[in-house]
Structures are given as C-alpha cells and as structure tokens.
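Chains as they are written, first to last, in our numbering: chain D, 3 to 416; chain Z, 462 to 704.
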C-alpha cells in the first residue's frame, strides 16, 4: 500500500507543477464585475462601443492569462443613450442590484455629473467611478472629486492648449460651437478662461441640442458664428453634430480652422465627413485640428500602441451584447485606445489591491500609484490630492484621410 | 319629413340659444383659463427662479459652471419652461439653455435681476420671463422663460373640450327637439287637412277616414279643435241652424 502511494508521488508532484504553471483557474463566482453605463445606442453610440471594445481587448487578454489574482474581470454594461436620467437608473441598478465591484468607463459629462451625487449618497458603500470618458471638472474637484479617478486630461487643459496655440499664431478671435449641456458648458468655460488669461473675450458662440444627427442642418449655428467673424472655432460636441457643423460651415464658406476636443470621437467624425465629401465632391476634412488625450494609435514606436494594436487584432472585441448590430467597429481609434489604457491602469489598481479585493481600499491604492509607465507620453501618477493621472494633450490634424500629429502650427498662421 | 313652418322658428331658436351658450361659455373659459394659467405659470416660474438662485450660489462661488448647467438643464425639462439663463452681477453669461444661440433681443435687451417681463423672440415664440436675484443681486440673477404658446395651447384644449361637450349636447337636443316638434306638428298638420276636407269634401286629400276618426277621438286640444270644426261644418250644412 505504502509502495503504491510512494509510486504516486511523482505523478502528484507533476500535477501540482502543472497546476502552478498553468494560468490560475477562475470561475464565474469569483469574477470581478465592473459596471459601465454608456451610450451604446443613439447619436453617440460610437463612443460607448469603442471605449468598451478597447477595454475588452485588454481584459480578455488578462482573463486569458488567469485574471487578476485568479479572478477574471467582466464588464457589466448598460446603455444610457447618453441621457442623464438613464445613466442614473443604470447606476442605481449597478450599485444596488448587481453589486458590481466598481464603476468604470462612464461616457459623457451630462451623464456623469448626474451620477456623482448618487455616489455621494451611497458613499458608505465605497463605490468609486474609474476613468469616466469626460474631461469635465465636477469629478476632479470637491465635493465629488474623491469619488472618481480620472486618467485623461481635462477639457480645461485641452481647450487652454488649443486657445494658446491658435492665439500664438494670430488667431485671436475664437468662437465656440458647443453642445447645450454640462459637457458643452465645461468646454465653453475652458475656452473662456483661456481667453481671459490672455486678456481676450469670446468672439461668438452657438449651441446645438444633445443627440443632433449628422443628417440635420446646422445652418442656423453657422450663420450665428459667421456673423461673429471668428479666426478659429472650437467645437465642444459629439461626432455627428460636429461633423454636420463642419459640413455646413464649409458649404457656407466659413473656412477658418475648426478644432474639436477629444470627446468628439475623431474617427467617427472623419468617417462622416469623408462620406459627405464623396457625396458633395468637395473636401470637408481640411483645416481640422483635434485635441486628443491619448497618443496616436499610428505611433507604433510606442510599446503600448503596439500592444493595443496586437490585442485589438487578436481578440477583435465585439460591441456589448445586444448592441451595435448595425455598427461597424473601427479597427483602431483614439476612443478604443483610451478604453484600452483605462483597462490597463485598472488592472494595475486591482493587482495592487491584492487577492482579497476590498472596495473601501481602492482609493488608498490609487493614491499610492506614482510613476506608472502607461505609455501616455509621461508617467501616470496620483496622490491623495490628485485624482487625475495624466495631463498629456496631443494635437492631430487630417492628412491623407487619417488623423496625424500636428507638427507645425504655422500652416494656420493668420 | 317636413317640419311645420310654425316649428321651424322653434328649431331656429334652439340653434340660436346654443350658439349664444357656446360663445359666451367659450369666452368665459378663455378669460378664466388664461388668467388662472398665466398667474399660476408666473408663480411657478418665480418659484423655480428662486430655487435655482438659492441653489446656484454655492455652485457659482465654489464649483465648475458645468454643474450649474446641469442644474438648469434639469429644470428646463419641466413643462412650460422654454429657457433658463444665469448672468453674473456684471451681466456676463454663466449658463443658459438657448439653442442655436442666445437671441439678440436678450443679448441686447433689458436683463433686470428682478421682476417679470414679456418677451417676443423671433424664431422662439412669446414668453413670460421671470427673474430672481442671486444673493440679493450681488452674485447675479436667474431668468426663467415660460412659453406663452403653452398657455394658448392649454386654452385651446380647454375650449376644444368644452365645444366638444356642447356639440354632443346640441346634437342630442336637436334630435330630441325634432322628435318632440314632430310629435306636436303631425296632429296639427292632420287637423289642417281635416278642416280643408270639411271645407271642400271633393278636394284630393291624404287624410284617410281612419286618420280623421283618430283625430276626432283625441282628448287634447287638437281633438277639441277637430270636433269644433266638424260641429261648425255641420251647422253650416244645416239650413235651419242658421240664425
């Protein structure tokens, strides 16, 4: 009997070694579920879907390798159509019914600003909102700042950069085209403050309603801004409305540079303009400058970009179940790269949280993250007083049908 | 069936009466609803403006204006409110809900921090604008525009419902009146035919012998008149009965 048992020892050791060497086994019961409310339908669905896809490319790879401390990560996503009330309902469901571990990848300022008071209300449950896809201020400042963790730079930083660059080349009459809600106001404030810092005032402003489609006419907005005689227009909007505005502005002869901030969804904007260019036999893609908060996915010299492209190709993430049936996913985009970087940093946070994840410790762990090389151009870091990881802004323009880095602003010199 | 000429006037009278009722009640309705709704809307607007003014102070002083925008966007969803704007003590814009832009009439017009003004904004409509000062005006003011078109729509709806009700009553009354008028007109028509038959027995008539018998048997005024007519006709035919 003993001899038989001793004979089994090598087999048991081999089995143990195999288990140790193989990726940690995971089961649905111990998975880490992160809750996401975003636009998976409607005029801004491209943002929610691409952000989700970028994150899923990374999570799928992490799960394939055994998850975080043996726990796979799953995104539980609900569609809010970029509507604040739906975002509030989704958040309540995620926190109180689904009991997700944390909130992640929310899309939009009007939605996030309405969700923040919920986090405050249920502060005792220690929910934290990670990496919302918005550069607005409310979740960067008190009283809601401690409830959120941001990776991207703010709209104030983006708009200040745009204003500074354009004013420096003699384009001081800056007008703003913006979405009539909290998002638009956030960018509007950024432009106003940047101009004020240089002793300037806004040349004019025009607004549009959230959810405006590319097929709609924005001639009235164009007429208002034409009257203001701007040197440059900064758009704070989503891709369908911004593309429609660019199209109608160019048709009306308003050829000044038009700049968009990172939220716009650059590839979706460009695709709409290219289709309109082909239909109207004129080029609507000139004189565009888009600010980005992540590096270009064309910058393949960067290891993180290579990793992103490789995982997007390997896993070909699909849109969330039940959405995007008539949506063509983009191979690469600034939005999905941001989703990818969000996921990468979240995995770092969860790894440092340890094998027994505790929501209440999340913010302490985040505050301890310093000098993280995420591939954003500069190390990412947080502290007890700073809940924004990156200040990096990248400026791009359209060349040969794609967004490339701006290397020389003088081409727009007035 | 032809209505006796005597009763055509009655029917006309009913039409006229209903017309007067419909017009007078509609006018009263317009006046009452307009007054009540206008008063109520202005009161609501004032309450909303004051609420925003009170809650926006902390935001203006300590927070980002996107939070302020988010706040007014929520109030903008209330029925009847077409626009909200907030300006600081210098008249500089802090937040607003105008699309596609701030109307020139407001940009260039009076933006008193308190009180009520009526505005006609081309392309937008007609509004009652109520203002409320923030921190007694030293931090700016909130302005809430209520759509007068909505008041007109409510009045139209109220009048429409009233006219609908009156029309139903009118149709029922006409049918009832027609039936009743006919009930009275038929025996009188028969009485006329009977008297013509007595006066000229050889003339063609639609009155049958049974009709005449039933007419004479009636115990109402028509029956009495028929019997008197028969009696007079008999007396006229009897020579010794003449005076």
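Cβ atoms here follow ideal geometry from the backbone N, Cα and C, with glycine treated the same way.
Inter-residue distance for residue 534 of chain Z and residue 557 of chain Z is about 9 Å (C-alpha atoms, whole angstroms).
Think of a sphere of 9 Å around the beta carbon of residue 494 of chain Z: no beta carbon from chain D falls inside it, the nearest being about 31 Å out. Excluding its 5 nearest sequence neighbours in each direction, residue 247 of chain D has C-beta neighbours in its own chain below 8 Å: 179, 210, 220, 223, 224, 237, 239 and 260, listed in chain order. Residue 401 of chain D is bridged by DSSP to D:404.
Boundaries of the alpha helix (DSSP H) around residue 631 of chain Z: 609-660. The count of Cβ pairs closer than 8 Å, one atom from the region 72-90 of chain D and one from the region 108-116 of chain D, reaches three, so the stretches are in contact.
At a beta-carbon threshold of 8 Å, the residues of chain Z lying near residue 183 of chain D are 530, 531 and 534, ordered along the chain.
The DSSP-derived three-state label of residue 120 of chain D is helix.
With a beta-carbon spacing of about 4 Å, residue 287 of chain D and residue 400 of chain D fall inside the 8 Å limit used to define contacts.
The beta carbons of residue 562 of chain Z and residue 33 of chain D sit about 49 Å from each other, so the pair does not count as a contact at 8 Å.
Not a single CB atom of chain Z sits nearer than 8 Å to the CB of residue 232 of chain D. In this structure residue 295 of chain D is in contact with residue 340 of chain D, their Cβ atoms being roughly 7 Å apart against a cut-off of 8 Å. Proximity of residue 191 of chain D to chain Z, defined by a Cβ-Cβ separation below 8 Å, is satisfied. By the C-beta criterion, the region 164-178 of chain D is judged not to be in contact with the region 144-152 of chain D, since fewer than 3 inter-stretch pairs fall below 8 Å. Judged by their CB atoms, residue 40 of chain D and residue 79 of chain D are nearer to each other than the 8 Å cut-off. Judged by DSSP in its simplified three-state form, residue 206 of chain D adopts strand. In the three-state DSSP reduction, residue 78 of chain D falls in the strand class (E or B).
Taken through DSSP and simplified to helix, strand or coil, residue 305 of chain D comes out as helix. Our two residues, residue 523 of chain Z and residue 121 of chain D, have alpha carbons roughly 20 Å apart in a direct line.
Shortest Cα-Cα distance from residue 631 of chain Z to any of Z:559, Z:579, Z:482 and Z:469 involves Z:482. Annotation: residue 190 of chain D is outside any beta strand (DSSP E); the continuous alpha helix (DSSP H) that includes it extends over 184-199. Collapsing the DSSP output to three states places residue 161 of chain D in a helix.
Counting the other Cβ atoms within 10 Å of the Cβ of residue 333 of chain D gives fewer than 16, which makes it exposed. Among the bridge pairs identified by DSSP, residue 594 of chain Z is matched with Z:602. Fully contained in the region 201-259 of chain D are the following alpha helix (DSSP H) runs of length 4 or more, in chain order: 221-229 and 241-253.
Per the C-alpha coordinates, the member of D:293, D:141 and D:416 positioned closest to residue 109 of chain D is D:141.
Chain D has no Cβ within less than 8 Å of the Cβ of residue 608 of chain Z. For residue 210 of chain D, the nearest beta carbon of chain Z is closer than 8 Å to its own beta carbon.
For the pair of segments examined, the region 516-532 of chain Z was found not to touch the region 638-648 of chain Z: the number of CB pairs separated by less than 8 Å stays below three. Positions of the alpha helix (DSSP H) runs, each at least 4 residues long and wholly inside the region 355-384 of chain D, are given as 364-369 in order along the chain. Annotation: Cβ neighbours of residue 111 of chain D in chain Z (cutoff 7 Å, chain order): 527. Exposure of residue 629 of chain Z is indicated by the presence of fewer than 16 other C-beta atoms within 10 angstroms of its C-beta. Residue 115 of chain D reaches chain Z at 527, 528 and 531, counting residues in chain order whose Cβ is nearer than 7 Å.
Under the 8 Å Cβ criterion, the region 569-589 of chain Z counts as touching the region 602-615 of chain Z, having at least three qualifying pairs. The three-state secondary structure of residue 686 of chain Z, taken from DSSP, is helix. Per DSSP, residue 287 of chain D is not a residue of any alpha helix (DSSP H), being assigned neither H nor E.
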